[in-house]
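K.L.:
Throughout the sequence shown, residue numbering follows this note's numbering, covering 4 to 152 in sequence. Here it is: the structure, laid out below.
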Amino acid sequence: MKRILLTAAASLAMISSAAAAPFQWSAGSGGNDHWYEFVVLGSGDPSLMATQAEALAGSSSFMGLGGYLATITSAAEQTFLNSHWPGAGSVTGQFLDYSFFLIGATDRNTEGSFEWLDGPEGGNPLAYTNWKPGEPNNEGGEDYVVAWW
Ligand SMILES: [Ca+2]
Ligand SMILES: [Ca+2]
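In structure tokens, the structure reads:
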């Protein structure tokens, strides 16, 4: 199981219970059979929220499966997740806005060298990347990664 924890400020009401329910990328539709869930956190310091999200994901479970912050290892997986993103269409372009979701990638161990935090790819460098132009740039000491639908 995978979990995506979304960082959002004052946007809780925008997620319906249906949209926030775990959903599966089934093998029958070309996926990996993993489950995903978007989870809303409150506003706060981005790095602190990332560590909170990591702990929350690690302590979560669904149908007997343990959770972790999601890894995105292919363009197909990113497309799938974007298609389920409940905040699609609500872009305002601000960090911690509803437009972004946190994933389990970090360079906190070695600056500029991004690796997956947990899950099957935990500790491995990112083989698939789709950085926005200009990223990663460590602006303000960034050590965690958000995906933008
Ligand atoms: Ca950046
Ligand atoms: Ca960094």
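Heads up, the beta-carbon is just placed ideally off N, CA and C, and yes, glycines get one too. All values reported here derive from a predicted model rather than from experimental measurement.
1. How long is the line joining the alpha carbons of R111 and S86, rounded to whole angstroms?
2. In chain order, what are the residues with a CB under 6 Å from some non-hydrogen atom of ligand 2?
3. Cutting at 6 Å between CB atoms, please list the residues of its own chain near E80, excluding the five before and the five after it.
4. With distance defined between alpha-carbon atoms, name the residue in P25, P49, D36 and H37 nearest to E142.
5. Measuring straight from C-alpha to C-alpha, what distance separates M52 and L44?
6. DSSP state of P128, grouped into three classes?
7. Once DSSP output is grouped into helix, strand and coil, what is the label at A73?
8. Check for me: the beta strand (DSSP E) holding L120 runs from which residue to which?
P.N.:
So, to answer that:
1. Each residue's alpha carbon lies about 29 Å from the other.
2. Selection output, chain order preserved: D110, E114, N141, E145 and D146.
3. Excluding positions up to five away in sequence, the list is empty.
4. If we check each option's Cα against that of E142, P49 comes out closest.
5. Distance between M52 and L44, taken at the CA atoms: about 8 Å.
6. P128 falls in the strand class under three-state DSSP.
7. Three-state result, A73: coil.
8. Counting along the chain, L120 falls outside any beta strand (DSSP E), and DSSP gives it neither H nor E.
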